[in-house]
Structure formats: C-alpha cells, structure tokens
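Asks: Just passing along the structure, written as structure tokens.
Number of protein chains: 2
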Amino acid sequence: MKLTILRNELNEAIQHVSKAVASRTTIPILSGIKLEATNTGLTLTASDTDISIQSFIPMETPDKTIGTVEKTGSVVLPAKFFVEIVKKLPHEEVHLEVGDRFQTMITSGATEIQLVGLDPEEFPVLPTVQEDQVVSIPGDLLKDMIRQTVFAVTTNESTPILTGVLWNLQEGVYKFVATDRHRLASRTAAIEMYDVRFSNIVISGKTLNELAKIVPDQNVMVDIVVADNQVLFKLGNVLFYSRMLDGTYPDTSKIIPQTFKTELILNTKQLSDAIDRAYLLSREEKTNIVRLMTTEDGGIEISSSSSELGKVTEQLAVTELRGEPLKIAFNSKYMLDVLKVLDSEELFIGFTGAMSPIIIKPRDNENSLHLILPYRTTN
Amino acid sequence: MKLTILRNELNEAIQHVSKAVASRTTIPILSGIKLEATNTGLTLTASDTDISIQSFIPMETPDKTIGTVEKTGSVVLPAKFFVEIVKKLPHEEVHLEVGDRFQTMITSGATEIQLVGLDPEEFPVLPTVQEDQVVSIPGDLLKDMIRQTVFAVTTNESTPILTGVLWNLQEGVYKFVATDRHRLASRTAAIEMYDVRFSNIVISGKTLNELAKIVPDQNVMVDIVVADNQVLFKLGNVLFYSRMLDGTYPDTSKIIPQTFKTELILNTKQLSDAIDRAYLLSREEKTNIVRLMTTEDGGIEISSSSSELGKVTEQLAVTELRGEPLKIAFNSKYMLDVLKVLDSEELFIGFTGAMSPIIIKPRDNENSLHLILPYRTTN
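Protein sequence lines, in the order shown, are assigned to chains A and B.
1 is the number of the first residue of the first sequence in UniProt numbering; add one for each residue after it.
1 is the number of the first residue of the second sequence in UniProt numbering; add one for each residue after it.
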C-alpha cells in the first residue's frame, strides 16, 4: 500500500471510525484501525465486535482531489497513537507507505513516523447485510428519537435486554421505547413507509449514543438496513454496523394508564426550575425524593427536605388543574431527565393516585410519552 | 440577621469565597460559609485553615443599591448546597432571615428555603495582618508569574517545601522560583518598590492556582501584605489569606550553568509542535523520553521510539546553532510544560553536555529562566 492523502480528510474519517475501536481488549488487532487502499479510495474500519464503523475516503470528489493511490493494499495501525498523531501532522498532505512485515512509514512535512503495523488478514470481517429491508429517516429526527429515549435504559447488566432501546416499525410509524423498570420513555414518528416493517429490534443504548455523535448536524437522510442480528446505518460514506441485543423485550403497553384522576397542564421550564431546586436538596439525602401536591388555590407545591440541611418549598401556578387533589412523591432526577428532553413549551401530566404511574407528555402532540413510578412514602 | 440583596451580587461573592471552603473536613463548621451583615454591607467568609477568603458586598455602590440590611447579625450556612441554590433562585432579589437556633429562611420569588445554620462564634477568626509591608503588583503580571512557575512545584508531599513557590523581593525586583528537583522554573519582574523587601516566602502551588482564578481579568492592582506566617492578597472587596509553608527553601542559584557548550536559537511553536508529536509516542512507553541531536546541516533532529509502536523523527531548522555537536535525552512533558508558558516567539536553549542541566529562556528577555535535567541514557 502506498498513497498520498489530505490530512484533514484522513483525520475526519479516523475520528468517525475511532468510536468503534475496542478500548479494553485482549485481542491486539481490535485496538487497531484497518486501512485499505483501492484504486478509487481509502477505506478505514474499526470494530469492537459489538459495533463496527467503516468510512470511505474517495480519492476524487466533484470539488477536489483528496489523494492518489500509487499501490493498493492494506494494513492495521495502532488506533490510539494513529488517531492522535494524524491530527498533529505538520503538513496538509500525508504520505503512507507499507513495507515489509507491515512496517508503515508515515511522512508529512519534516516529520517521519515508522509504525509497527499488523496483518489486515487478522482483522474481523464485517457482517454481510442483505439490503432488502431499508428505511430512510432524516438524521435530525433519528437523533431526537435517540435523545428522547436513550436516557431511560438501565445500566444494570443483570437485565441485558433493558440496556437497549426497543425499535418497532409498523404501519408507517416508527417507535422507540426504553425502560429501566422505574421509568419508561417512548417516542413515535410517522415516516410513511408502509412496505417495510419490523418489530422487537433492540439496540444497545451505548451504541445509540455513539451513533448519535456521528450523524451529521446538517439534515441528511440516514438509511437503516435491518438484517438477521445486525442493523446497518448508512450515513453517506460512513457505515455504522450494530449487533442487536438478544432476548425478548417486555411488553410495556399494559402498564400505561389511559385515564387519569388528576390532570395538570403547566409550563415546562417553570416546573423544571422548581424541581431542579428541590432536587439540589434531595440529592444531599441521596434519595432524590421530591413531593408534589395540589394546593387549595388551584396550583401545586413542590417540596423536598433533608434532616441535616432543611427544606425547600416551591409554589407553582399552573395553566390547568383538573380532577382530585393529589399528594405524590417521586425521584426528582427521573423527572428532570424527562423535562430536559421534552421540547414542548407546555406539558400534560396525568396521575391515577399516589401509588400509580405518572404520565408526562408534551401538551401539543402525542409523539412522546414518559412514565415515572412514584415513591411509596408514608410522610 | 435580616436583609434583602441582589441575587447576582450575592452569587458572585459566594463564587469567590467558595474556593476556600474545606472540601474534606471532619470539622462541620469549615464546610460552611459565614455571613455577617453590618449596616454597610454583607461579608462572606470561608476558610479551610490553609487559605481563607473574605468578600464584602456593600449595600450601596455609586451605581446602584445592592440591598438593605434590616437587622445586623451573622450565621454560618452549609456551603455546598448554598453555593448551588443561590445560582438557581428564581427572582433577582433574595431575602435572608436568621431565626431561632440559626434557622435561616431564604426566600426568592415563590421559592422558600429553610436552612439549618450553624453558630458563627464557632467559625475560625481570620488572622490579623499588620499592613506595614505592602507591595502593589498589576493583577495580569501576578497571574503571569504564577502561571510561568507553578507547574514546576512537586506534588510529592514528602518534601512539603517544594510543593510551594519561593517568593523574594529584593532591590525592587520580584522573583518567583519553583522546582521539583528534576526541573526549575523562575520568573522575575521589576516592580520598583525599594522600600519593601522580603525573602524565603514560600506559598503552596495549590493556593496560588486558586488565587490566580480570582484575580480579575481586567488589569487591576493587587496589594500584597506580608506578615509573620501569612500573606494577604487584597483584590478590591475580596481578601485572600494564605499561610506560608514552613521550612527553608533550598538554594537553587548554584545549579544554574552560566556558560554553555552548545547554544540554540529557534522558533518556539515549531519546537513545541515537533516535541509534542515525539511526546505522543514516548507517552505510550510511559517514559516520556525524547532525544534531541544537532545535525550536520546545522539543524536539529527530535526523535522518540517505542519498542511496540515504532519511531517518530522530526527534522527542525533553527535560527542559530553555536558550539559543539550534541546528543541529549530529556523528559518531553517537562519541555512541553516550559514551551507552553513561554510567550516569546523565539527561544534560547543552552546545553553544557549530555549529562548537564538544559537552560531555556525567551530570546528577547531575561525575565524567565527554565532548567530541565537531562535523562542519563546510553542509547
């Protein structure tokens, strides 16, 4: 392999694939990035076996020439050092040449680097994904759907299936669900593709966070290809492969109450600020318990207390309060997580009693639904 | 104590003093902030016994009214929660009222906070500092002098005196010195105050880092008062007290070579970039060893190697090279620390052989002098 390439384009591709490099691995080849030069371009690949990312740099684009391949071939280079050094190379052009036993010479300006490369034959082969089930979704929407659900996955590895987000596509409606058994987040979006459908696809929350980072901010379409136990995300020249989590996701539809005894409509930011202050105190108690009660004047009171520090009490006016008086306690951290991701100016909150799930939705649409279980507390 | 005060001014004073709150202490009162209201203003004090910071908020300034004291008095409030909550209060005005047993009520808008306060009589009394030895120094210069020396203090508590920076003021010249026995940083500045002199004042590096944070960016004068075992920094309404470190600082003047066998003048940024790349590789070996050698064409070569990864070689042109050929090895991290703080475009580097101290100075002035001991290496 022998080629010359622009540093910035090489660096950009490295940044993309580096997110899939195995950070703690006993298999040396997985801590590397595979480079493969063909006559049309350079392909970089990294994989930790759960996720694999591939980025292709074409040698020619309509705008400019990015590089020239003098000799095709491939090599695996140690990722950690390679990622850092390419950023800092002095010249805008980088020359790469692989010699005997994968010894690789990198030159740029007056800098010469000899790197011990590894045999690309040892690098894992990417899964073959049949492209018969393809969904297109705007990148912005995909990022929103991830952001509005992924925080609710569990970090507890004893229920591996709940460390992932459940994806369904039925009747042209895309739905994400995440739950850690104490709370649930769900988000739907109509994408109007009636010929594709899938259900019970569960993708790790960690993987989705990595995916969200490489979806570009410009609103491009992302193609999603679902195969046997793999999902492939196609973002222009970047391919992102993820394994699906094994197992059956629990049916959560039955735990969501459909009617409420007390209903609130109120300003998201005002509620968020009030709970944030109460949370500060409850955090010191390490319980995060905050209480919400309706008041005689038709508003609500948010409060928390700490035996050591004292008490915070917040009076809050609401837009609407319907139904029975209520007194309920919940984990303020869970509520703040929800309020942070809901982009709606006003919220609907529905209660069916002090011991029953709390439902939070944007006031103006039905796309998002969040559930929090209350604390069973006696005082 | 009973008063009303603007939230932003209260918050600013809290941010200043909070840097002195003891973070891990078995003495509860030290984890608090003392508030004392007089007829003219509110004074906040925090102390971890090594450093104490006091900030005074006047009730009236030429521009505006900041508050009103209805009843003088004092209380100690738990710092961690108080620092966080004041930032987040909903209204621009905050009302504070101390009741029975130092129970304190904080109200702002529709937020009410009851805090368990502590007895201010238990709070440590600040040292009395005689103001007969006062030096004035521009804040910018003080921050520069700290930044250019403090990185060289040792973190090793077995030689406590070397965890501090040595300050001397003689013949109108202010001098800071720091060393960890492997390197030395020194900075001088003429402040032309011939009537004040002091020597062997050693102030903890950690303390100086905190001090640098609260010296404002606008170029104001800082008054420095030196007393028995305390130094007081006066920054407008903020007073910063620091204990001096006990012990005698070693005499470092004799280890600085005055003549050199090899002298280099070169561009700071080019050298810094080249060493940074070599450092990236040497870091993987955990030694940070980088080699520098003069080349036949009158330049230098910077290199590092790692048995696992490979080798980095950098060719560097220099402005001037005088004296004997040289081959030397040193800790690249120490060199980068120096290059980061020297603001000069070109540097002088003097060598007296592969086993002797390396001297680094700005090319255009004698204000800074840095010394690094080389590695004794055979290859």
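In this text, a Cβ means the ideal position worked out from N, Cα and C, and glycines have one as well.
Going by beta carbon distance, what residues of the same chain come within less than 6 Å of A/PRO362, once the five residues before and after it are set aside?
Replies: So the list reads LEU342, SER344, SER368, once near-sequence residues are dropped.
Asks: Compare the C-beta of B/GLU157 against all C-beta atoms of chain E and say whether one is closer than 8 Å.
Replies: The chain inventory of the structure shown lacks chain E, comprising the protein chains A and B.
Asks: Output the distance between the C-alpha atoms of B/LYS71 and B/LEU371, rounded to the nearest integer angstrom.
Replies: Cα to Cα, B/LYS71 sits roughly 58 Å from B/LEU371.
Asks: Could you tell me which chain A residues have their CB closer than 7 Å to the CB of B/ARG277, listed as they occur along the chain?
Replies: Neighbours of B/ARG277 on chain A, chain order: ILE85, LYS88, THR111.
Asks: Which residue's Cα is closest to the Cα of A/GLN114: B/VAL312, B/LYS333, B/GLN230?
Replies: Closest option to A/GLN114, Cα to Cα, is B/VAL312.
Asks: Answer with yes or no whether the minimum CB distance from B/ASP273 to chain A is below 8 Å.
Replies: At least one chain A Cβ lies under 8 Å of B/ASP273.
Asks: Would you decide whether A/ILE275 is buried or exposed? Buried here means 16 or more other CB atoms lie within 10 Å of its CB.
Replies: Flag for A/ILE275 reads buried.
Asks: Which term fits B/GLY310, buried or exposed, when burial requires 16 or more other beta carbons within 10 angstroms of its beta carbon?
Replies: Its Cβ being crowded by 16 or more others within 10 Å, B/GLY310 is buried.
Asks: Which same chain residues end up closer than 8 Å to B/ASP48 when comparing Cβ atoms and leaving out the 5 residues on each side of it in sequence?
Replies: Cβ neighbours of B/ASP48 beyond the five flanking positions: ALA20, VAL21, ALA22, SER23, THR25, LEU30.
Asks: List the residues that DSSP assigns as beta-bridge partners of A/VAL231.
Replies: BP columns for A/VAL231 point to A/VAL226, A/SER242.
Asks: Helix, strand or coil, according to DSSP, for B/ASN11 in the structure here?
Replies: In the structure shown, B/ASN11 sits in a helix (DSSP, three-state: H, G or I).
Asks: So, helix, strand or coil for residue 383 of chain B, using DSSP?
Replies: Since the first and last residues shown for chain B are 1 and 379, residue 383 of chain B lies out of range.
Asks: Taking only three categories from DSSP, how would you classify B/THR268?
Replies: Here B/THR268 sits in helix by DSSP.
Asks: Run down chain A in chain order and give the residues with a C-beta less than 9 Å from the C-beta of B/LYS311.
Replies: In chain order: GLU112, ILE113, GLN114, LEU115.
Asks: Need the endpoints of the beta strand (DSSP E) that A/SER47 sits in, please.
Replies: That run of the beta strand (DSSP E) goes 41–47.
Asks: Given 8 Å as the limit, is there contact between the stretch 48–68 of chain B and the stretch 266–275 of chain B, that is, 3 or more CB pairs closer than that?
Replies: Contact between the stretch 48–68 of chain B and the stretch 266–275 of chain B is absent, because fewer than three Cβ pairs lie under 8 Å.
Asks: Report the partner residues of A/MET1 according to the DSSP bridge assignment.
Replies: Beta-bridge pairing links A/MET1 to no other residue.
Asks: Hey, is B/LEU280's beta-carbon within less than 8 Å of any beta-carbon in chain A?
Replies: So yes, B/LEU280 belongs to the interface.
Asks: Could you tell me which chain A residues have their CB closer than 8 Å to the CB of B/PRO120, listed as they occur along the chain?
Replies: By Cβ distance, chain A contributes nothing, its closest Cβ being about 17 Å from B/PRO120, past 8 Å.
Asks: Quick test of your reading: A/GLU92 and A/ARG7, contact by CB under 8 Å. State the CB separation rounded to the nearest angstrom.
Replies: Correct: roughly 5 Å between the Cβ atoms.
Asks: Given this structure, state the Cα-to-Cα distance separating A/LEU321 from A/GLY299, to the nearest angstrom.
Replies: About 7 Å.
Asks: Count the other CB atoms within 10 Å of the CB of A/PRO78; is the residue buried (16 or more) or exposed (fewer)?
Replies: It is buried - the Cβ of A/PRO78 has at least 16 other Cβ atoms within 10 Å.
Asks: Looking at the strands, I want to know which residues DSSP matches up with B/PHE56.
Replies: In DSSP, B/PHE56 forms a bridge with B/THR43.
Asks: Name the chain A residues that come within less than 7 Å of B/GLU92, Cβ to Cβ?
Replies: Under the 7 Å cutoff, chain A gives no residues; its nearest Cβ is about 14 Å from B/GLU92.
Asks: Which partner residues does B/ILE300 have in the DSSP bridge list?
Replies: B/THR294, B/LEU316, per the DSSP bridge assignment.
Asks: Counting only the same chain and skipping the five closest in sequence on each side, list residues whose C-beta sits under 6 Å from that of B/GLN218.
Replies: Excluding positions up to five away in sequence, the list is empty.
Asks: Looking at chain B, is there any beta carbon in it that lies within less than 8 Å of the beta carbon of A/PRO78?
Replies: Judged by the 8 Å Cβ criterion, A/PRO78 is in contact with chain B.
Asks: Pick out whichever of B/THR155, B/LEU96, B/LEU239, B/LEU373 has its Cα sitting closest to the Cα of B/MET335.
Replies: Out of B/THR155, B/LEU96, B/LEU239, B/LEU373, B/LEU373 has the C-alpha closest to the C-alpha of B/MET335.
Asks: Among residues of its own chain, excluding the 5 on either side of A/ASN379, which ones have a beta-carbon nearer than 6 Å to its beta-carbon?
Replies: For A/ASN379, the predicted structure reports a pLDDT of 49, less than 50, and the residue's modelled location is therefore unreliable. The matter cannot be settled from this model.
Asks: Tell me whether A/THR128 counts as near the ligand GTP, meaning its Cβ is closer than 7 Å to at least one heavy atom of that ligand.
Replies: In the structure on display, the ligand GTP does not appear, and there are no ligands present to speak of.
Asks: What's the C-alpha gap between B/VAL338 and B/THR45?
Replies: The straight-line gap from Cα to Cα measures roughly 36 Å.
Asks: To the nearest angstrom, how far is it from the Cα of A/SER158 to the Cα of A/THR248?
Replies: A/SER158 and A/THR248: Cα-Cα distance of roughly 14 Å.
Asks: Please report the Cβ distance between B/ASP180 and B/ALA152, rounded to the nearest whole angstrom; I am assuming they are in contact, meaning their Cβ atoms lie under 8 Å.
Replies: At roughly 6 Å, the Cβ-Cβ gap stays under 8 Å, so B/ASP180 and B/ALA152 are in contact.
Asks: Residues of chain B with CB under 9 Å from A/LEU316, in chain order?
Replies: Neighbours of A/LEU316 on chain B, chain order: ALA110.
Asks: Which first and last residues belong to the alpha helix (DSSP H) in which A/MET145 is found?
Replies: First-last of the alpha helix (DSSP H) with A/MET145: 139–147.
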